[in-house]
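Asks: Take this structure first; my questions come after.
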């Protein structure tokens, strides 16, 4: 985007989270429960569904 000169109308937040394949104890749920401030103002999310239990 930067090389193309595109400036988004708002911030883009990227959260790369591990541990989902091993129960997610310290993954996305931990992040939401313990650091909700990181998601203030976030209106959309795109996720990758992977792994299995």
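In my numbering, the protein residues as written are 3 to 55.
The beta carbon of each residue, even a glycine, is placed where N, CA and C say it ideally should be.
Can you check whether the CB of residue 48 is closer than 8 Å to the CB of residue 33?
Replies: Against a cut-off of 8 Å, the Cβ pair of residue 48 and residue 33 comes out as no contact.
Asks: Between which two residues does the alpha helix (DSSP H) containing residue 9 stretch?
Replies: Residue 9 -> no alpha helix (DSSP H), and no H or E assigned at all.
Asks: Compute the distance between the beta-carbons of residue 15 and residue 44, then report whether it is under 8 Å.
Replies: Cβ atoms of residue 15 and residue 44: closer than 8 Å.
Asks: By Cβ distance below 7 Å, which residues in the same chain neighbour residue 28 in space, the five residues on each side in sequence not counted?
Replies: Result list for residue 28: 21, in chain order.
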